[in-house]
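S.K.: Counting from 1, position 392 in the sequence shown corresponds to residue 392 in full-length UniProt numbering; the numbering is continuous, with no gaps. Heads up, the beta-carbon is just placed ideally off N, CA and C, and yes, glycines get one too.
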Amino acid sequence: MICCKSSATLFFFLFNTIYTCTYMCLHIKKFIIMESTVQENNPHFQATEMSTNQQSSANFMGKLKQNLIFRSKWAELNGAMGDLGTYIPIVLALTLASDLNLGTTLIFTGVYNFVTGAIYGVPMPVQPMKSIAAVAISNPDFGIPEVMAAGICTAGILFLLGATGLMQLVYRLIPISVVRGIQLAQGLSFAMTAVKYIKNVQDLGKSKSKGERDWLGLDGLLLALICAIFILIVNGAGEQQIENQESTERGNMRKRVKKIIFSLPSAFLIFLLGVILAIIRGPEAVKRFKFGPSRIEIVNISKQAWKQGFIKGTIPQLPLSVLNSVIAVCKLSTDLFPEKREITATSVSMTVGLMNLIGCWFGAMPCCHGAGGLAGQYKFGGRSGGCVALLGVAKLVWGLF
1 MICCKSSATL FFFLFNTIYT CTYMCLHIKK FIIMESTVQE NNPHFQATEM
51 STNQQSSANF MGKLKQNLIF RSKWAELNGA MGDLGTYIPI VLALTLASDL
101 NLGTTLIFTG VYNFVTGAIY GVPMPVQPMK SIAAVAISNP DFGIPEVMAA
151 GICTAGILFL LGATGLMQLV YRLIPISVVR GIQLAQGLSF AMTAVKYIKN
201 VQDLGKSKSK GERDWLGLDG LLLALICAIF ILIVNGAGEQ QIENQESTER
251 GNMRKRVKKI IFSLPSAFLI FLLGVILAII RGPEAVKRFK FGPSRIEIVN
301 ISKQAWKQGF IKGTIPQLPL SVLNSVIAVC KLSTDLFPEK REITATSVSM
351 TVGLMNLIGC WFGAMPCCHG AGGLAGQYKF GGRSGGCVAL LGVAKLVWGL
401 F
């Protein structure tokens, strides 16, 4: 059982209910409008009210099922790993440096993953707010109350921008060249960070390098190079090239071999290998595992924490959230999933807002969406909301047990 105060339990379930119901209502609104129109035009609407409600419910459930269905089991599983390269280092660093409640963060981000996957039907990522995390890791005085205050303030502004329609206006005004520049900068930033993490041994708790990494060993550069080459071979060709090969090499043994190679869940295999090697290198860490959920409590935020959180956390985070978490995500979603018209700047902005207006009060890491995470999950095979819903279930299980 989850050990928490009665008030914390009440708010936890209340806020999660509000979060889920609000976004479900957004997507059944059109069915309600259709129902009202039928009632106004039909004098005998009371006789058909039950059948209309049943049809609306069936349509809504059908949409949820379509959003969560796996296009390909192995591909969706592989796609779920696409954003962990951002999620794991930041969350672990905050856990070590600022005593972030890891269990609570896993539970809430698991719920976020599942709900956004069910609503949007695309591999919409849930990742930590990077500017706030950077301040918390580098500044010992910027503790958990300040982190949560920064997340709540950022969330409140984003929710208001979405609810008032101003975010949609910003989306229309910002030119596509700016969005492409953000996406390029984000990709280069991730690539440079990955190179730094591979080249040097990292102290995540202090966000510092401990020295150059050896070439040999269970976490050596040679193994990293082999894994990188494996990823490039399996995922680097691109879909169009694979399709051309399949059309010109039909019935050929070489074609079958390539098809098998390109269908391998590369990211999942690399992740699984990393977990196994980590257990081999540090078996004593496994022995220190304590099963059972973390204690969930409401975070006490003082006036000073609100002030510092807003100045040091919200102000630098807000531009990044608007441009990368909302605008760039919507533009990229339009490119990758043109049929998903429900992914708008308004809904995405409100999603980010509601996530943090709920979870930050209980100590969950402030989170957002991100174009880099969406691109990564798509590249590794994620094509539906089932991809991130599966990841959400895994986080929930890990956080609860």
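In whole angstroms, what is the alpha-carbon distance linking Trp398 and Trp306?
M.R.: For this step, residue 398 is matched to residue 398 along the sequence shown. For this step, residue 306 is matched to residue 306 along the sequence shown. Cα to Cα, Trp398 sits roughly 31 Å from Trp306.
S.K.: Could you spell out the range, first to last residue, of the beta strand (DSSP E) harbouring Gly211?
M.R.: Within the sequence shown, the letter at position 211 stands for residue 211. Run containing Gly211: 208-212, per the beta strand (DSSP E) assignment.
S.K.: Does the CB of Asn67 have a neighbour CB from chain B at under 8 Å?
M.R.: Reference to chain B is not applicable here, since this structure consists of a single protein chain.
S.K.: Rounded to whole angstroms, what's the CA-CA distance from Gly382 to Val122? Just pull it up for me.
M.R.: Stepping through the sequence shown from its first residue, residue 382 is reached at position 382. Stepping through the sequence shown from its first residue, residue 122 is reached at position 122. Their backbone Cα atoms lie some 8 Å apart in a straight line.
S.K.: Could you pull out every residue in the same chain whose Cβ sits closer than 8 Å to the Cβ of Gly385, ignoring the five residues on either side in sequence?
M.R.: Within the sequence shown, numbered from 1, the residue matching residue 385 stands at position 385. Answer for Gly385: Asn67, Leu68, Thr116, Gly117, Ala118, Ile119, Tyr120, Gly121, Val122, Pro123, Met124, listed in chain order.
S.K.: With three or more C-beta pairs closer than 8 Å as the rule, is the segment 338-355 touching the segment 289-298?
M.R.: Verdict: no, contact absent.
S.K.: Would you give the residue range spanned by the alpha helix (DSSP H) that Asn356 belongs to?
M.R.: On the sequence shown, position 356 is the one that residue 356 refers to. From DSSP, the alpha helix (DSSP H) with Asn356 extends over 345-359.
S.K.: Is the Cβ-Cβ distance between Met148 and Gly392 less than 8 Å?
M.R.: Along the sequence shown, one-based indexing puts residue 148 at 148. Along the sequence shown, one-based indexing puts residue 392 at 392. No, they are not a contact pair.
S.K.: Specify, as a first and last residue, the run of the beta strand (DSSP E) that Asn200 falls within.
M.R.: Along the sequence shown, read from residue 1 onward, the residue named residue 200 stands at position 200. Note, Asn200: beta strand (DSSP E), 200-203.
S.K.: To the nearest angstrom, how far is the alpha carbon of Ser349 from that of Leu161?
M.R.: Against the sequence shown, residue 349 aligns to sequence position 349. Against the sequence shown, residue 161 aligns to sequence position 161. Between Ser349 and Leu161, the C-alpha separation is close to 7 Å.
S.K.: Report the start-end ranges of each beta strand (DSSP E) in the segment 116-171 that is 3 residues or longer and not cut off at the edges.
M.R.: With a minimum length of 3 residues, no continuous beta strand (DSSP E) run stays inside the segment 116-171.
S.K.: Let me know the secondary structure DSSP gives Ile296 once reduced to three states.
M.R.: Here residue 296 is taken as the residue at index 296 of the sequence shown, counted from 1. Ile296: strand per DSSP, three-state reduction.
S.K.: Within 10 Å of its beta-carbon, does Met61 have 16 or more other beta-carbons around it, so buried, or fewer, so exposed?
M.R.: Mapped onto the sequence shown, residue 61 falls at position 61. It is exposed - the Cβ of Met61 has fewer than 16 other Cβ atoms within 10 Å.
S.K.: Using only the alpha-carbon positions, how far apart do Pro366 and Leu158 sit?
M.R.: Against the sequence shown, residue 366 aligns to sequence position 366. Against the sequence shown, residue 158 aligns to sequence position 158. When rounded, the distance between both Cα atoms is 13 Å.
S.K.: Rounded to whole angstroms, what is the Cα-Cα separation between Cys387 and Ile298?
M.R.: For this step, residue 387 is matched to residue 387 along the sequence shown. For this step, residue 298 is matched to residue 298 along the sequence shown. Their backbone Cα atoms lie some 31 Å apart in a straight line.
S.K.: Work out the CA separation of Lys255 and Pro319 for me, nearest whole Å.
M.R.: For the purposes of this step, residue 319 is identified with residue 319 of the sequence shown, where counting begins at 1. For the purposes of this step, residue 255 is identified with residue 255 of the sequence shown, where counting begins at 1. Near 47 Å, if we compare the C-alpha coordinates of Lys255 and Pro319.
S.K.: Quick one: residues in its chain with C-beta nearer than 8 Å to the C-beta of Ile174, no 5 flanking neighbours on either side, listed in chain order?
M.R.: Indexing the sequence shown from 1 puts residue 174 at position 174. Around Ile174: Leu323, Ile327.
S.K.: Could you tell me which residues DSSP puts in a beta bridge with Lys368?
M.R.: Translated into positions along the sequence shown, residue 368 becomes position 368. The sequence shown places Cys at residue 368, not Lys. The partner list for Cys368 (beta bridge, DSSP) reads Gln127.
S.K.: Excluding sequence positions up to five away, which residues of its chain have a Cβ less than 6 Å from the Cβ of Ile90?
M.R.: Position 90 of the sequence shown, counted from the start, is the residue given in the question as residue 90. Closer than 6 Å at Cβ, skipping near neighbours: Pro128, Ala133.
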